Amino acid sequence: MSESTSINRLRNIIIALAAIALSTAIFFGFQTQTTSVSLAAQAEQSTPLEVALTNGKPTLTEFYANWCGSCQAMAPELAKIKEKYAESVNFVMLNVDNSKWLPEILRYRVDGIPHFVFLNTTGEAIAETIGEQPSSVMEANLDALLANLTLPYAYATGQTSDFKASVSVSQPNSTDPRSHGAQVKVGS
Numbered sequence: 001m002s003e004s005t006s007i008n009r010l011r012n013i014i015i016a017l018a019a020i021a022l023s024t025a026i027f028f029g030f031q032t033q034t035t036s037v038s039l040a041a042q043a044e045q046s047t048p049l050e051v052a053l054t055n056g057k058p059t060l061t062e063f064y065a066n067w068c069g070s071c072q073a074m075a076p077e078l079a080k081i082k083e084k085y086a087e088s089v090n091f092v093m094l095n096v097d098n099s100k101w102l103p104e105i106l107r108y109r110v111d112g113i114p115h116f117v118f119l120n121t122t123g124e125a126i127a128e129t130i131g132e133q134p135s136s137v138m139e140a141n142l143d144a145l146l147a148n149l150t151l152p153y154a155y156a157t158g159q160t161s162d163f164k165a166s167v168s169v170s171q172p173n174s175t176d177p178r179s180h181g182a183q184v185k186v187g188s
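Under the UniProt record's numbering, the first residue of the sequence shown is numbered 1, with each subsequent residue one higher.
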């Protein structure tokens, strides 16, 4: 074997090893990045609404959707906030695309997401914010919620993604005496 063939073979082995190492690093980098702040992962780890309403801790309820750009933009910062306040605040995530949450969507008049509802220790809604919020605003509101004070940034509105519930009101059904002048139709 000539010396140039040996050098070429060694160079090719080094390039192959470098490519494998780089591919592995990129693969694990993307895995770590997407799972640690994904909305789905955070929703899985969130407190169930039924538990949050009865455990005596204040609650931050987040209405979100996986397709919501503003929700995705806030996910990394909210993950840090949730970690910081995990012991003292319930974090509930309700996906607006799940019809199970339609009563809550209607109760809190969700028409843009992300939509955050702050509940006191008895489960009463005391404030809300809509749209992207800086982490400093979210933390100031959570600190006030924990101290049982007025939230400094209540009813603040940032950038939102449009959302329309799949419920509309149609003409009254005059033949049904239980309708009391209104009929709810599911679907648009």
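Beta carbons: idealized from backbone N, C-alpha and C, even for Gly. These figures come from a predicted structure and were not determined experimentally.
One Cα belongs to residue 66, the other to residue 147, and the distance between them is close to 32 Å. When secondary structure is reduced to three states using DSSP, residue 37 falls in the helix class. Judged by DSSP secondary structure, residue 94 falls within the beta strand (DSSP E) whose first and last residues are 90–95. Residue 127: member of the beta strand (DSSP E) spanning 125–130, first to last residue. Under the 10 Å beta carbon count, residue 145 is surrounded by 16 or more other beta carbons and is classified as buried. Straight through space, the alpha carbons of residue 137 and residue 116 are spaced by roughly 12 Å. For residue 64, there is no enclosing alpha helix (DSSP H); the residue is part of the beta strand (DSSP E) that begins and ends at 59–64. By the Cβ test, the stretch 47–64 is in contact with the stretch 74–93, since at least three Cβ pairs between them sit closer than 8 Å. Around the beta-carbon of residue 82, 16 or more other beta-carbon atoms lie within 10 Å, marking it buried. About 7 Å separates the CB atoms of residue 114 and residue 131; that is less than 8 Å, so the two are in contact. If you check the CB distance, residue 64 and residue 94 come in under 9 Å.
Counted as a single uninterrupted DSSP element, the beta strand (DSSP E) harbouring residue 117 occupies residues 115–119.
Assignment of residue 69 by DSSP, reduced to helix, strand and coil, places it in the helix class. In this model, residue 77 and residue 86 are separated by some 14 Å (Cα to Cα). Contact annotation: residue 129 and residue 120 have beta-carbon atoms that are not nearer than 9 Å. A residue is called buried when at least 16 other Cβ atoms come within 10 angstroms of its Cβ; residue 51 does not meet this threshold and is exposed.
For the set 39, 53, 43, the Cα lying nearest the Cα of residue 69 is the one of 39.
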